[in-house]
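Just so it is clear: in the sequence shown, position 335 is 335 by mature numbering (1 follows the signal peptide of the UniProt record, and there is no 0), and no numbers are missing. I have placed the structure first, in the form of structure tokens, so that the comments after it can refer back to it.
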Amino acid sequence: TMDDEGKNYVSAEVSDVLESISFLNVEGKPSPLESTVLPNMEEQQVYQPLKVFLRVRPFSIAELESHESQGCVTIEDAQTVILNAPKESSAMKSSERGIGHAVHRFTFSQVFGPETTQSEFFESSMKEIVRAYVNGVNGLVFTYGVTNAGKTFTIQGTSKDLGILPRSLDVIFNHIKERHYLKMNFKPYLSNDVKKLEDAQVKQEEALKTAILASLKEETENILNTMTNICDVKSEPSSCTSNSHPSNSLEKNFVPLDIHRTNMHQRTQASVWISFCEIYNEYVYDLLNVLSTKSQRRRVLRICEDQEGNSYIKDLKWINVQSTEEACKLLKIGNKNRSFACTRMNEQSSRSHSIFSIRLLKLTDEQQPRVLGVSELSFCDLAGSERCNKTHVFGDRLKEAGNINNSLHILGKCIAALKQNQNPKMKPSYIPFRESKLTRLFQPFFCGKGKACMIVNINQHASTYDETLHVMKFSAIARQVIQTILPKSFGYFSPKLVGGDGKPIMHFDANTSVDDFPDSTETSAEEEVDITILSHEDLLKTTENLKEKLVAERQSKLLLEVKIRKEMAEAMFQQLLETEDAWSNRLEDMKDSYEEKLESKFEMYKEAIKKHAYMCAMEQIEEHYVPVEEFLAEQEKVEDRERKILQLERQLDEQSGKLLALGSLNSDVLTTENNMERDLMDRTMKRANEGLQKQCEEKDELIKSLKFKIQKLNETLLEANEGYRKMAEENSQLKHTIMLKDQEISSLQIWAKCVFELEETVSSLQKELEERKKHFFVEKPKQQKPRRGLLASLKSPVATTACTPLGKGLGKDEEASPYSRKKVLLPHKAKE
Ligand SMILES: Nc1ncnc2c1ncn2[C@@H]1O[C@H](COP(=O)(O)OP(=O)(O)OP(=O)(O)O)[C@@H](O)[C@H]1O
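Here you go:
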């Protein structure tokens, strides 16, 4: 019953898909294979961010029982998911220490929750890429995540629940339907070319395919006995037990394709080829290689590049497939080989990257087929990323080689570099595509030769939270990468057709020349060997060989180094000489330029000085400015004076000449021949002489009268002198008299004082006398006479002194009363 359920479920899904892309096949409209590319891809380059889808795996019952569910992952919306660090995670511990956060938000092109069905996932994530692919655009899908996150489940799925790979195959086959080219004579070759096989080669091809498919049959038969389902490598036991006949169930799972219903009217046809390989420890192995014995060593494949620099895996088997069923069988065989190899090496499958590729060859009609284009769709199931985290692959340098997976580290570096190079402000950095096998194969998809899409698978386990967080951080960077998709992918990868011998087929394209097909583009035919599977002796031998090679290599390198050093030294010397030359030239130039500058400066200063001088002169002129009229007038005056001087000088000369002539007149008269002139001279001389004599006489008279006047004045002066002398004498006498008079006055003053005192005494005496008289009038009236006589005797000498000749000038005062005299003398007293 489960089988039936599963069958119906898948069938319904596939038909949904077919419906959704049915527009590609609408009757009457040109087939999508006829139009080489999608319309929008035809004209221009397409820039679009790398599509990154997140798929969250549901919990299993066991996981829920072991408390893995701690709400670490919350889907916010169709694009956003939130990660909450659980208690035990180091992210939480870090955030508690203040480093980083406990909650992270991430956005994706689309987030698919645990409930998402395989069909829903395919519909939303793969439709665009598959649609582009059938129209000629290369595609790459890779899953990224920790082990057990659901990568393989997403790509391959289980027998009941097909993954994106079988679904894509189904869509492809349904798309080509009647235009399916069933012959095997056109086979993918190198990176993008097609090889036309000879009949024998076709037979070989068919035999190989049968052998490979037979290996599955053998295996299936063996496994049938142990009731193990090989339908999917990691199918759950519950699903496997119900499958009594897995191959049958698989067949039923797909929509039956009527591959014989080829429409002959359709000119274009398609041939489908698949390959399946793995990259383990940086070695590429073909997973469709059937090993005859279990001990047989797996062959390591080389990655080569064609002329255009497109990498491809040399000698990788390409198997023609005619249906999804066949392709899925081959997938199973590959898975089986992968697990077998891994078991033998005691390693887990998640340590390798597996790449399942589908090549679609677009051919013209069957009668005379021509190759129109080749497109490739690859599904890459990457190794679990957690091991890389543990070895600090991101950021830190990867030191260990050996068994550590280098590819994811390089992929991270490439994505970071791609992102950085999109920033125009940043210096473009080198993208280390060539540093790992995986990135070498991915390179075309990041360089515009196809569409890439990344599927991030996470589980919600608390125990692997830190690893999951790392995956999310990686995808956040990847999401920022802008993909450039070059136009006309078919045209861009214009395929070349070669014959069975690998030589170009001329009739294929008239424009193709033989030169376009080199015999081989491979660098070395030496086969790489996976050393991990060599025996001890083999390893020792290999080591010895390698040592020898190393020594030889070192020697040649040394020689090369010496040669390079010598060349470098020569080049350096040459450069030094050139530099010296350049510098000396520059020095000369500088010297010249400085000289020029100096000269110009000198000229400048000269000019400045001139200007200054001119300015000064102008200022002076302004100060001493004389109007022209004045100046001319002055000049005229000067000239006039000069003329007068000249005239006077001439006159003087004449006069002196005349005087001389006068002195020697008589002798001259006798000697002079010209009498007329002489007479005239005489006459003028005479006249002048007369004038002069008259003048002299007048002057003499004047002198005489002046002399007389002087004489008179002298006399008057003498008289005056005499008078003056007399006056002086008189004056001195008078002065003397005055002096005497002064002396007299002063003595008189003394006398007057005495008199005044005496008078006072007298008056007092008189008063006394009168009193006494009154008294005596009564007693002795006769005693009054003698006292009157004493006063009179005192008065008479004073009168005599006043009558002396010295007192002449004061005559008027002499007769004045003693009171009046007193008045005159008072000022003298004051002066003293
Ligand atoms: N979306 C899903 N729904 C149901 N079961 C799932 C889902 N995703 C994964 N599983 C189951 O989880 C288990 C682990 O998944 P899967 O093997 O795909 O992980 P993985 O990432 O490929 O691991 P590894 O890196 O080891 O190959 C499988 O049993 C698978 O069936």
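Positions of the beta carbon are idealized from the N, C-alpha and C atoms, including for glycine.
According to the neighbour-count rule (16 or more other Cβ atoms, all chains shown, within 10 Å of its Cβ), is residue i buried or exposed?
{"i": "A211", "result": "exposed"}
{"i": "C696", "result": "exposed"}
{"i": "D199", "result": "exposed"}
{"i": "I621", "result": "exposed"}
{"i": "Y181", "result": "buried"}
{"i": "V134", "result": "buried"}
{"i": "E588", "result": "exposed"}
{"i": "E376", "result": "buried"}
{"i": "T468", "result": "buried"}
{"i": "I319", "result": "buried"}
{"i": "D232", "result": "Interpretation of D232 is limited by its pLDDT of 39, a score under 50 that renders its predicted location unreliable; the figure taken from the coordinates is listed afterwards. Label assigned to D232: buried."}
{"i": "F756", "result": "exposed"}
{"i": "P627", "result": "exposed"}
{"i": "H101", "result": "exposed"}
{"i": "Q296", "result": "exposed"}
Which value, in whole angstroms, describes the spacing of the CA atoms of residue i and residue j?
{"i": "E522", "j": "K437", "result": "With a pLDDT of only 40 at E522, under 50, the local geometry of the prediction cannot be trusted, and no value is derived from it."}
{"i": "residue 836", "j": "S475", "result": "Residue 836 lies beyond the residue range present for the chain, which begins at 1 and ends at 832; the question has no answer from this structure."}
{"i": "C453", "j": "R302", "result": "25 Å"}
{"i": "N174", "j": "E325", "result": "12 Å"}
{"i": "K217", "j": "F142", "result": "29 Å"}
{"i": "L713", "j": "A728", "result": "21 Å"}
{"i": "R105", "j": "G113", "result": "15 Å"}
{"i": "R57", "j": "E128", "result": "23 Å"}
{"i": "I333", "j": "L288", "result": "7 Å"}
{"i": "N674", "j": "I645", "result": "31 Å"}
{"i": "G136", "j": "S119", "result": "24 Å"}
{"i": "K611", "j": "V638", "result": "35 Å"}
{"i": "G499", "j": "K566", "result": "49 Å"}
{"i": "V111", "j": "V374", "result": "32 Å"}
{"i": "K699", "j": "K709", "result": "15 Å"}
{"i": "G145", "j": "H461", "result": "13 Å"}
{"i": "H353", "j": "G384", "result": "9 Å"}
{"i": "R643", "j": "D679", "result": "30 Å"}
{"i": "residue 840", "j": "I455", "result": "The structure shown has nothing for residue 840, since the chain only spans 1 to 832."}
{"i": "A688", "j": "L660", "result": "14 Å"}
{"i": "M572", "j": "A582", "result": "15 Å"}
{"i": "Q555", "j": "I279", "result": "34 Å"}
{"i": "I176", "j": "I482", "result": "31 Å"}
{"i": "V393", "j": "N406", "result": "Per-residue confidence for V393 stands at a pLDDT of 42, beneath the threshold of 50, marking its modelled position as unreliable; the derived number appears in the next sentence. Rounded to whole angstroms, V393 to N406 spans 8 Å at the Cα level."}
{"i": "E553", "j": "A416", "result": "35 Å"}
{"i": "L291", "j": "L331", "result": "16 Å"}
{"i": "Q766", "j": "K753", "result": "19 Å"}
{"i": "S520", "j": "D286", "result": "Residue confidence is low: S520 scores 37 on pLDDT, short of 50, so the model does not pin down where it sits. No coordinate-derived value is stated."}
{"i": "I485", "j": "H409", "result": "25 Å"}
{"i": "L497", "j": "N335", "result": "32 Å"}
{"i": "E654", "j": "Q635", "result": "28 Å"}
{"i": "M472", "j": "D193", "result": "38 Å"}
{"i": "V26", "j": "C328", "result": "Per-residue confidence for V26 stands at a pLDDT of 28, beneath the threshold of 50, marking its modelled position as unreliable; no derived number is given."}
{"i": "R725", "j": "Q647", "result": "59 Å"}
{"i": "I564", "j": "E570", "result": "10 Å"}
{"i": "Y614", "j": "L652", "result": "48 Å"}
{"i": "E690", "j": "R650", "result": "22 Å"}
{"i": "E770", "j": "V762", "result": "11 Å"}
{"i": "I259", "j": "E115", "result": "Because I259 carries a pLDDT of 33, less than 50, the predicted location of this residue cannot be relied on, and the following value inherits that uncertainty. Approximately 35 Å, taken between the alpha carbons."}
According to DSSP, what are the bridge partners of residue i?
{"i": "R55", "result": "F112, N457"}
{"i": "C754", "result": "Bridge partners of C754: none, in fact."}
{"i": "T74", "result": "I82"}
{"i": "W273", "result": "N320, R359"}
{"i": "C380", "result": "F142, I355"}
{"i": "C304", "result": "Y312"}
{"i": "V638", "result": "Paired residue(s): none; V638 is not in a bridge."}
{"i": "E278", "result": "Y285, S354"}
{"i": "R105", "result": "I82"}
{"i": "P166", "result": "DSSP output for P166 lists no bridge partner at all."}
{"i": "Q483", "result": "Q48"}
{"i": "P188", "result": "V194"}
Original post:
If you scan the region 423-478 from start to end, which runs of the alpha helix (DSSP H) of 4 or more residues do you find wholly inside it?
Top reply: 437-446
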